[in-house]
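As structure tokens, the structure follows; a few thoughts come after it.
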Amino acid sequence: MKKYFVIIHWLLNCLLILSCWSCSNKKLEIQEARSQNVEFLVQQAKQLWEQRSDSNSVIKANYILGLANDVEKSNKDIAKIYSQSLFFQGMFLEDDKIKKDSLFLKGTEVAKYSILNDSLFKSNFNETIGDEDFKMLYALSIAPKELVPSMYWWATNKLWYLNNKPAIERINHRELLEVIMHRIIALEPDFLYGGPYRFFGIFYSRIPGVEISQSKSYFEKAINSYPDYFGNKVQMSEFYYQKAENKNLFQNQLSSVISKEPTINPEITPENVFYQKRAISLLDQKETLFE
Numbered sequence: 001m002k003k004y005f006v007i008i009h010w011l012l013n014c015l016l017i018l019s020c021w022s023c024s025n026k027k028l029e030i031q032e033a034r035s036q037n038v039e040f041l042v043q044q045a046k047q048l049w050e051q052r053s054d055s056n057s058v059i060k061a062n063y064i065l066g067l068a069n070d071v072e073k074s075n076k077d078i079a080k081i082y083s084q085s086l087f088f089q090g091m092f093l094e095d096d097k098i099k100k101d102s103l104f105l106k107g108t109e110v111a112k113y114s115i116l117n118d119s120l121f122k123s124n125f126n127e128t129i130g131d132e133d134f135k136m137l138y139a140l141s142i143a144p145k146e147l148v149p150s151m152y153w154w155a156t157n158k159l160w161y162l163n164n165k166p167a168i169e170r171i172n173h174r175e176l177l178e179v180i181m182h183r184i185i186a187l188e189p190d191f192l193y194g195g196p197y198r199f200f201g202i203f204y205s206r207i208p209g210v211e212i213s214q215s216k217s218y219f220e221k222a223i224n225s226y227p228d229y230f231g232n233k234v235q236m237s238e239f240y241y242q243k244a245e246n247k248n249l250f251q252n253q254l255s256s257v258i259s260k261e262p263t264i265n266p267e268i269t270p271e272n273v274f275y276q277k278r279a280i281s282l283l284d285q286k287e288t289l290f291e
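Structure representation (structure tokens):
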């Protein structure tokens, strides 16, 4: 009788092992299918991003990237293109301030999440002695080059989200944003056509107590780095020349942008086209802006 119990016990163990193996295989199949689906979604979104001159393509890309990001929030490739595409939609395609802010805020959160969950960043953060704020700033100050895109879109989306908020909110975020952008300058100063310089040109025109000449200096660096990227000149006019109350240079620089061919560099033709439209809009508001 005892022999039968031993055999039954062995059979049950075998069935349990087979069941666990089957479940494990199912999980692997599900994970593989999920990964393939995410990869397919990202490829579709990248194709739509290449067509970003069409506003509908950007909106579709953001919807698809949102689905992919929900599955793989720590995926740096998804975070990079999603946070950039959210910024593009907020910057160029939305007129409603609430919608613009929600896009910039979402872009901030997506990029930030991918950084905070990066293994090397977490290791540096956890090994640093100090309070949470100090650990965050230190880990960002030594972040590796591979995190540059996510750091850029974290800070840039945040800047534009804060642009129309009370000045105290920009002041409260000043140290964090400066640490991020100075790290990018140290690693890849010409990222996104002079992006870090363009960032500081805007930022230092919007912080009370900062010499306006700092804004001018950074904008000039951005323009010298990439004169064919229309955003550098348009944003210098919008932020520096307006703040400096220089109506003539505001008008001249925007007029020069409008007169140029936006297809000089095919990689940035969509941005240049939209910046030309922004230049026209700013000139139309000239009298109001310089009252």
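Numbering (my numbering), first residue to last: 1 to 291.
Each residue gets a CB set at the ideal place from its N, CA and C atoms; glycine is no exception.
- The C-alpha of Y275 is placed about 23 Å away from the C-alpha of M151.
- Within the model, the alpha-carbon separation for M91 versus T128 is close to 36 Å.
- Counting along the chain, no alpha helix (DSSP H) covers R52, and no H or E run does either.
- The C-alpha of L93 is placed about 9 Å away from the C-alpha of I59.
- When V42, D54, F239, F40 are compared, the shortest CA-CA separation from E271 is found for D54.
- Within its own chain, the residues whose Cβ lies closer than 7 Å to the Cβ of G201, once the five positions on either side in sequence are excluded, are S215, Y218, F219, A222, Q235, M236, F239, Y240, listed in chain order.
- For the set K80, S57, V38, K158, the Cα lying nearest the Cα of L67 is the one of V38.
- By the CB criterion at 8 Å, A79 and S114 fall inside the cutoff.
- Here A167 is near P208, since their CB atoms are less than 8 Å apart.
- Here Y63 is exposed: its Cβ has fewer than 16 other Cβ atoms, across all protein chains shown, within 10 Å.
- Take the alpha-carbon of L86 and the one of S119: they are about 25 Å apart.
- Excluding sequence positions up to five before and after A45, its CB lies within less than 6 Å of the CB of A61, I64, L65, all in the same chain and listed in chain order.
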